[in-house]
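Following my numbering, the numbering of the sequence shown begins with 353 at its first residue and continues without gaps.
Backbone N, C-alpha and C fix where the C-beta goes; we use that ideal spot for every residue, glycine too.
Here the structure is a predicted model, which is why all the values come from computation and not from measurement.
I have placed the structure first, in the form of structure tokens, so that the comments after it can refer back to it.
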Amino acid sequence: MEVSLIEKREIEALIAAPLIKGYAELIGLEKSLEIAAEVIRGLARDAGRQIAAERGSNTLRDLADVVKSLWSHGGEALELEFIEVSETVLEFRVTRCRYTEQYANLGFGEFGYCLSCIRDAAFAEGFNPKIKMSRTQTVMEGEPYCDFKFTLEAIPV
353 MEVSLIEKRE IEALIAAPLI KGYAELIGLE KSLEIAAEVI RGLARDAGRQ
403 IAAERGSNTL RDLADVVKSL WSHGGEALEL EFIEVSETVL EFRVTRCRYT
453 EQYANLGFGE FGYCLSCIRD AAFAEGFNPK IKMSRTQTVM EGEPYCDFKF
503 TLEAIPV
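Pasting the structure below:
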């Protein structure tokens, strides 16, 4: 039985959020979140590398496929509006994020950004170190949509 990414994130949250809370009592919430974020970024970077290796290709078009299939789970987890998919730019909006809803329902909404959103740039970096991500807002932070833009760094001539 294959576990979808959103199901995996639920399982992880049920373990990670109580750990973050427990460590926060000892070292403070800010330090606890900082440590969790660093570990989660490392896991995301490793996952990006692994998926690129499995695919045998790591272009922006490949990343778009990963976003559609893995991150979104075919629209089950994320509702997406693609703006541009080219050799040098991948730009899209997330207009509904079930990850946000899931963390809120579990009572872990305050940790959602750390548990989920913090992964995105690190995943892209692992997938292809020449891909850079920018984002100015997220649904997780209460905005109406997430604005993702991935660009392929120019190769010096």
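Write down the C-beta distance between ALA365 and PHE475 rounded to the nearest angstrom, noting that I regard them as a contact closer than 8 Å. Within the sequence shown, residue 365 is the residue found at index 13, counting from 1. Within the sequence shown, residue 475 is the residue found at index 123, counting from 1. Wrong, their Cβ atoms sit about 17 Å apart, outside the cutoff.
Using a Cβ-Cβ cut-off of 8 Å, state whether ASP499 counts as contacting chain B. Among the protein chains of the structure shown there is no chain B, as only one such chain exists.
Give the secondary structure of VAL441 by DSSP, where H, G and I count as helix, E and B as strand, and everything else as coil. Walking along the sequence shown from the start, residue 441 turns up at place 89. VAL441 sits in a strand when the DSSP states are folded into three classes.
Are the CB atoms of VAL437 and ALA416 within a distance shorter than 8 Å? Working through the sequence shown from its first residue, we reach residue 416 at position 64. Working through the sequence shown from its first residue, we reach residue 437 at position 85. Yes; because the gap between Cβ atoms is below 8 Å, this pair is in contact.
Straight-line gap, ALA473 to MET485 (C-alpha atoms, nearest Å): Residue mapping note: residue 473 aligns to position 121 of the sequence shown, counting from 1. Residue mapping note: residue 485 aligns to position 133 of the sequence shown, counting from 1. In this structure, the straight-line span from the alpha carbon of ALA473 to that of MET485 is close to 6 Å.
Name the two residues that bound the continuous alpha helix (DSSP H) containing LEU415. One-based indexing of the sequence shown puts residue 415 at position 63. Unbroken alpha helix (DSSP H) run through LEU415: 412 to 418.
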